[in-house]
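What follows is one structure encoded as C-alpha cells, with my remarks underneath.
Protein chains: 2
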Amino acid sequence: MTNADSGRGTASVTMRDVAKAAGVSVATVSHVVNDKPGARIGDDARKRVQDAVEALHYRPNALAKTLSQGSSRFIGLVADAIATTPFAGQIIHGAQDEAWKHGYVLLVANTDGNAAAENDAIAMMLEHQVRGILYSTWYHREIEVPPALANTDTVLVDCFADGSGLPSVVPDEELGGRTATRELVDAGHRRIAFINTTTPSPAQSGRLAGYLAALDEAGIDRDDALVLSAAPDQEGGYASLDAVLASGATAVFCHNDRVAMGLYDGLRERGLRIPDDIAVVGFDNQDIIAAHLRPPLSTVELPHYELGAAGVRLLLGIDTRPASLVSRVACPPVRRHSI
Amino acid sequence: MTNADSGRGTASVTMRDVAKAAGVSVATVSHVVNDKPGARIGDDARKRVQDAVEALHYRPNALAKTLSQGSSRFIGLVADAIATTPFAGQIIHGAQDEAWKHGYVLLVANTDGNAAAENDAIAMMLEHQVRGILYSTWYHREIEVPPALANTDTVLVDCFADGSGLPSVVPDEELGGRTATRELVDAGHRRIAFINTTTPSPAQSGRLAGYLAALDEAGIDRDDALVLSAAPDQEGGYASLDAVLASGATAVFCHNDRVAMGLYDGLRERGLRIPDDIAVVGFDNQDIIAAHLRPPLSTVELPHYELGAAGVRLLLGIDTRPASLVSRVACPPVRRHSI
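For the protein sequence lines, the chains are A and B, in the order given.
When the letters of the first sequence are read in order and numbered with the working numbering, they come out as residues 1335 to 1673.
When the letters of the second sequence are read in order and numbered with the working numbering, they come out as residues 1335 to 1673.
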C-alpha cells in the first residue's frame, strides 16, 4: 500500500524509545502512561515522560493496556440483520454514540439470524473480553436466548425473553398505538379504521391495545368492523382498500408506513384525496418513505437510536433497571400532512 | 446482571489451570494453544493439553494472543453515515462477511461526517493495531483523505481521492447508466428521457455518459431536450412530470428509484399507465421501495455488499490491485414490470 511504508512511524515507537528519551525506566513510562494508581513517580520524571510521549508521537498499545488493567473497553453488539433494514443501522448508531461517550468501543457482528454465525460472533466477543453484549433484533419480538450469552453480561435490544432474567429495551408499542390513534381523534375523527398486521408479534398486539385504549379514552364505541388485517407492506395496504371504504371510516391508522404507502396508491386510483376525503396515520417514521409520500405522511416514530443508546446505559449500569426488567421507550408522533 | 455471577466460569479458567490439569508447564500450554511454529512438543503432551482445554472449557485470551503474535485480527471500517441510509448497512455486511471468512473481525465506527469523530475513530483503530482501515462513504464521491489514515493500510470504499495513491472500490456508474438505458432500448424505445440529478457527483457524470453511450450504440440521435435534471428524490421526480411529457419521451431513465417513485405519482395523477403509456427504469434497487411500487420497478442495482467485500479483499491482498488504483464494480439489471 503506497502510504504504508512511510507512515507506520508513530505506530512503531515503543515504550522503550520513550524511556530512553526521558531517561527513565520502562516501568516508569508504563506507570505514567497507564495512570496506575499507587505508583509513586516524581513530578519531574512524570513531566519528562509526558514530553517524550509527545515529542515521539508515542501511541500506547490499547491491547497491552487492556491486559494490564484486566478488563477491556469493548461492548459487543450482535444484530440479526444489519443488511436488510435501515432500522438496525439506527440501533448501531445509538449504541455506538453512547458507548463512545463512556470510553467504550463497539464490536459489531451481523448474524443474519443464523445460529452458527451467532455462536461464532459471541465466542469472538468473549475472546476479546467484552464488557458485555447487546443482543438485538431488527423487529421487536420474543427470542430464545443463545446459551453462549450465559458467559457474559447481556442486554436485549428490541427483543425480550420472558423468564430469562435478562434486562431488555423495547419500543412501547401500546403507547405508540394510542399516540397514533389519538392524533386522528384530536383531528375530529370518530370512525377510525385500524389496518393491523397479520403477523403475530408484540407490535400486532400492542398497537391494537393502544388503538382500543385511545377509542375508550375518547368515549368512542369499539367496532370490530373497523379492525382489519393485512400483510405489513405496500401490497397489504393496497389490498385493504375495499375493506377500508366498506367500513365507512373517515380515517385509517396503518400498522406501518409501508402499509400507508400502499393504501395511498389505492386511494389515489379511486380519486380520493388525503386528508380531505380520508385521513391516514402510519407507524415507524420509515426513512426515505414517510416524509416523501404525497402528501407527506403523519406517523409515530420507532425509537431505534434510543433503543441502542438505552441498551448501553443499562449494560454499563448508568440507567437504573426497572423492576420488571423490561424498559419501554416511547414512540413520539411525527406530524406531517396526512391528517 | 442476573446471569453474570453464575456464568463467568469459563472466562476465568487460566492457562495455569490447564497446565496443572495436563501435568505440563504453562509454556507448553502456550505453545500448543497458540500453535507456535518451531516449538517441539511431544504428541502425548499435546494431547493432554488439548484434553485439558476441552475438559475445563478453557478459552484462550484473544488479546494476549494478538500481543504474542505481534499483529491483530482486526479490520477497521470508518463509515460517514450508518444511520441515515440503508446502503451503508450493506457495505458493512459485505465487509464483515469477507473479513470473517479470512479470520478477521470488523471494528465499525460511524462518524456522521464529523472530522473530530473521524480522527477519534481512526486513532482508536490504530491503538487496536488494525490490519488496515476501510474508509467508506454512503454515496459515491471524491474525498479528502483524513491525515491519520497515513498511519495504516487504507482502502477507500464507495469513494476515491485522486492523487492520494490509495486504492478504491466504487460502483461503475457509466456501465450502470448504459445498462439501464439499454433495457429501454431493448424494449423498442427510441425516444428516451433521462432525469439526471442536480448534484454534481460521479453518479451525475457517469450515468449521463452511460446513457449517451447506450444511445450511440443503438444508433439513436442524442437530443438535449431529453436530458432533464431534478433533485434526486421523490419530489424531484414528481416535479419533472411536465418536462417529461413535453419531451415526447416514451420511456424515462430516472437517476434513482426515489425519482422514479415521485414520477410514478405524477404519471398516475394524469391517468398514464406504466409501462403501457410510458416505461420507467430506476437506479439503486433501493430496498423497501423498488420492489413495492405499482408496478414493481425495473432498475439497476448499486452493489453495496460487493463494494464492502471487495474492499476487504483488496486490503488483505487477496484481489490483485488494478494499475489505475480504482476498482469498478458492475451494477446489474433488476427486471420487474415498469418496462
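Think of the CB as a built atom: it goes at the ideal place given N, C-alpha and C, for glycine as much as any other residue.
With a cut-off of 8 angstroms on Cβ pairs, the segment 1510 to 1524 of chain A is in contact with the segment 1600 to 1618 of chain A, counting three or more such pairs. Annotated as distal: A1386 (chain B) and I1409 (chain B), with beta-carbon spacing of 7 angstroms or more. Of the residues B:R1592, B:A1643, B:L1631, the one whose Cα lies closest to the Cα of I1529 (chain B) is B:R1592. If you draw a straight line from the Cα of S1359 (chain B) to the Cα of V1367 (chain B), it comes to about 12 angstroms.
Taking a C-beta cut-off of 8 angstroms against chain B, the contacting residues of the segment 1588 to 1610 of chain A are R1592, M1595, G1596, D1599, R1602, E1603, listed in chain order. Nearest to G1571 (chain A) by alpha-carbon distance, out of B:D1618, B:H1626, B:F1617, is B:H1626. Taking one beta carbon from each stretch, the segment 1460 to 1475 of chain B and the segment 1456 to 1473 of chain A have fewer than 3 pairs nearer than 8 angstroms; the two do not touch.
Counting C-beta atoms within 10 angstroms of its own C-beta, P1666 (chain B) has fewer than 16 neighbours from the protein chains shown and is therefore classed as exposed.
Chain order gives the chain A residues near M1458 (chain B) as V1439, where near means a beta carbon separation below 7 angstroms. When DSSP states are grouped into helix, strand and coil, T1533 (chain B) belongs to the coil group. V1383 (chain A) does not reach chain B, its nearest Cβ partner there being about 18 angstroms away, counting only Cβ pairs nearer than 8 angstroms. Taking the Cβ atoms as the reference, R1407 (chain A) lies roughly 49 angstroms from D1599 (chain B), outside the contact range of under 8 angstroms.
Proximity of G1423 (chain A) to chain B, defined by a Cβ-Cβ separation below 7 angstroms, is satisfied. Taking C-beta separations shorter than 6 angstroms and ignoring five residues to either side along the sequence, the partners of S1498 (chain A) in its chain run V1479, following chain order. For the options B:Q1430, B:V1352, B:G1582, the alpha carbon positioned closest to that of D1454 (chain A) is the one of B:Q1430. Not one beta carbon of chain A lies nearer than 7 angstroms to the beta carbon of V1663 (chain B). In this chain, the alpha helix (DSSP H) harbouring G1600 (chain A) covers 1591 to 1603. Beyond the five residues adjoining it in sequence on each side, V1383 (chain A) comes within less than 7 angstroms, by CB distance, of V1352, A1356, V1358, T1362, V1363, V1366 in the same chain, given in chain order. Contact check for A1577 (chain B) against L1560 (chain B) fails: the beta carbons are separated by 7 angstroms or more.
Residue state for G1410 (chain A) is assigned as strand, using DSSP reduced to three classes.
With a cut-off of 8 angstroms on Cβ pairs, the segment 1521 to 1541 of chain A is not in contact with the segment 1645 to 1663 of chain A, counting fewer than three such pairs. Beta-bridge analysis with DSSP links S1661 (chain A) to A:V1503. For R1475 (chain B), the uninterrupted beta strand (DSSP E) run begins and ends at 1467 to 1476, by DSSP.
By the neighbour-count criterion, in which a residue is buried when 16 or more other Cβ atoms sit within 10 angstroms of its Cβ, N1444 (chain A) is buried. Of all alpha-carbon atoms in B:T1633, B:S1574, B:G1423, the one lying nearest the alpha-carbon of E1640 (chain B) is that of B:G1423. Short of 8 angstroms from the beta carbon of I1426 (chain B), and not among the five residues preceding or following it, lie these beta carbons of its own chain, in chain order: L1411, A1413, I1416, L1440, V1442, G1642.
Closest in C-alpha terms to L1549 (chain B), from the list B:A1514, B:L1575, B:S1539, comes B:A1514.
In the structure shown, L1636 (chain B) adopts coil according to DSSP, grouped into three states. DSSP places D1611 (chain B) in no alpha helix (DSSP H); its state is neither H nor E. Residues of chain A with a Cβ closer than 8 angstroms to the Cβ of Y1473 (chain B) do not exist, since the nearest Cβ in that chain sits about 13 angstroms away. Secondary-structure assignment with DSSP links F1494 (chain B) through a beta bridge to B:E1476. Look at N1619 (chain A) here: in three-state DSSP terms it is coil, with no helix or strand label. For R1670 (chain A) and A1573 (chain B), the gap between their C-alpha atoms comes out near 20 angstroms. With respect to G1596 (chain A), Q1568 (chain A) sits close: the two C-beta atoms are nearer than 7 angstroms.
Only residues of its own chain outside the window of five on either side were considered, and among them D1414 have a CB closer than 6 angstroms to the CB of G1447 (chain B), listed in chain order. Counting along the chain, the unbroken alpha helix (DSSP H) around A1457 (chain B) starts and ends at 1449 to 1461.
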